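Each remark here refers to the structure printed beneath this line.
This is how it looks when you write it as structure tokens:
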């Protein structure tokens with residue numbers, strides 16, 4: 152990180168992504184803009200939704216039910232891989248968007264416009280709360296593997312999304328749907344983007360610079376990074392021993408620890424950004440309290456790299472296992488997808504050196520890309536006299552995140 156920062160200081164002296172463009176890809180645009188293609192994606196999303204709902208309602212209350220793998224692995228972890236490759240995937244296949252559009256059409260209204268304007272001060276805060284509730288369910292709640300508990304969370308998610316869409320229109324999903332916000336943020340690291348209505352291919356760093364700054368953005372990245380760090384921490388021998396020996400309930404300790412990890416991630420980042428100082432952009436002076444939101448996009452590569460490193464084996468092994476179980480969704484001995492015979496290879500378990508190398512590369516590359524994104528934004532936002540020294544607090548926090556992430560990955 153320090154070496155990359157030194158190279159950036161010497162070789163990167165003017166902002167390069169303040170006006171991102173891109174290379175048009177008209178052939179691909181004709182495909183993705185075709186009505187049949189958009190409808191096919193909506194149908195795919197609804198088929199997955201109906202199938203998942205069926206496993207939730209009619210499936211067995213056991214971990215062999217593919218419902219758990221669909222929610223915890225495909226939806227949560229698989230979404231990041233799909234978004235890195237193809238951009239904001241959830242926006243394209245979201246079943247709640249599709250249902251809302253269908254209801255609006257039946258009512259003769261426009262799904263883009265609700266009955267009220269979405270309050271600008273809310274920003275991404277609903278998404279941050281939704282993300283926290285999901286990681287709480289997965290990592291802390293005592294009954295996270297009970298069918299009723301996960302089914303209830305999903306039902307509440309769908310209900311809140313449909314009510315919000317009916318009231319505020321599709322803008323609600325852009326800012327309040329935890330999975331759409333999550334997918335869109337990670338999708339900024341893909342090469343696909345829209346520029347003046349055209350589909351373009353451009354550098355992921357240029358794409359990342361277009362993250363829309365709104366209230367709650369720091370809370371979103373804090374929850375994403377902090378919860379993943381906590382997931383590594385809770386598997387450590389020290390924490391397991393501590394919770395076992397403590398007179399306080401392990402569930403209570405886990406609740407406190409998850410909250411502390413998320414608040415610490417967001418708090419350290421915010422303090423580092425606030426310590427950067429006050430700059431002078433084109434339109435006027437930047438307030439110190441605005442700096443965390445302006446630099447929050449630089450946390451996205453860190454989050455993507457860390458989540459990929461932490462959940463790689465889960466995605467490959469349990470994801471394969473889920474596909475096999477999905478072929479017999481109700482435990483009746485069926486093989487409707489022809490995948491019931493699939494077995495995880497556990498390849499990484501037999502090649503620990505390769506796994507360790509991939510994890511280190513994912514984390515280090517994520518943090519280097521984050522340093523580049525932060526440096527470019529500093530050149531754009533900060534006055535010349537603060538462009539180098541002003542980045543030092545943020546660099547220090549990124550080094551802490553890098554070292555802490557690697558420590559947790561290999562000491563759990």
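Residue numbers (the working numbering): 152 to 563.
Even glycine gets a Cβ: it sits at the ideal position worked out from N, Cα and C.
All values derive from a computational prediction rather than experimental measurement.
Residue environment analysis places residue 502 among the exposed positions, since fewer than 16 neighbouring C-beta atoms fall within 10 angstroms of its C-beta. Judged by beta-carbon spacing, residue 327 lies within the 7 Å limit of residue 315, meaning their Cβ atoms are closer than that value. Between residue 448 and residue 359, the C-beta gap is smaller than 7 Å, which places the two residues in contact.
Here residue 448 carries a helix assignment [DSSP, helix/strand/coil]. Excluding residues up to 5 positions away in sequence, 336, 339, 368, 447, 448 and 451 lie with their Cβ nearer than 8 Å to the Cβ of residue 362 in the same chain. Short of 7 Å from the beta carbon of residue 473, and not among the five residues preceding or following it, lie these beta carbons of its own chain, in chain order: 217, 220, 221, 224 and 225. Excluding residues up to 5 positions away in sequence, 513 lie with their Cβ nearer than 6 Å to the Cβ of residue 459 in the same chain. Residue 252 sits away from residue 239, with the two beta carbons spaced by 7 Å or more.
The beta carbon of residue 269 sits closer than 7 Å to the beta carbons of 319, 322, 323 and 326 from its chain, once the five residues preceding and following it are set aside; these are given in chain order. Ranked by Cα distance from residue 508, the options 561, 299 and 285 are led by 561.
Counting along the chain, the unbroken alpha helix (DSSP H) around residue 518 starts and ends at 503–532.
In the DSSP assignment, residue 410 falls within the unbroken alpha helix (DSSP H) covering 401–425.
Counting only the Cα atoms, residue 385 lies some 21 Å from residue 370.
Inclusion of residue 211 and residue 482 in the CB contact set at 7 Å is warranted, their separation being smaller than that value. Contact holds between the stretch 193–208 and the stretch 476–491, because three or more Cβ pairs, one in each stretch, are under 8 Å apart. Contiguous alpha helix (DSSP H) elements confined to the stretch 326–411 occur at 329–338, 355–359, 368–385 and 388–396, taking only those with 4 or more residues. A buried status is given to residue 453, since no fewer than 16 other beta-carbon atoms sit within 10 Å of its beta-carbon.
Approximately 5 Å separates the beta-carbon atoms of residue 416 and residue 373; this is inside 8 Å, confirming the contact.
Per DSSP, reduced to three states, the secondary structure at residue 175 is strand. If you draw a straight line from the Cα of residue 215 to the Cα of residue 207, it is about 12 Å long.
A straight-line Cα-Cα distance of about 20 Å links residue 445 and residue 551.
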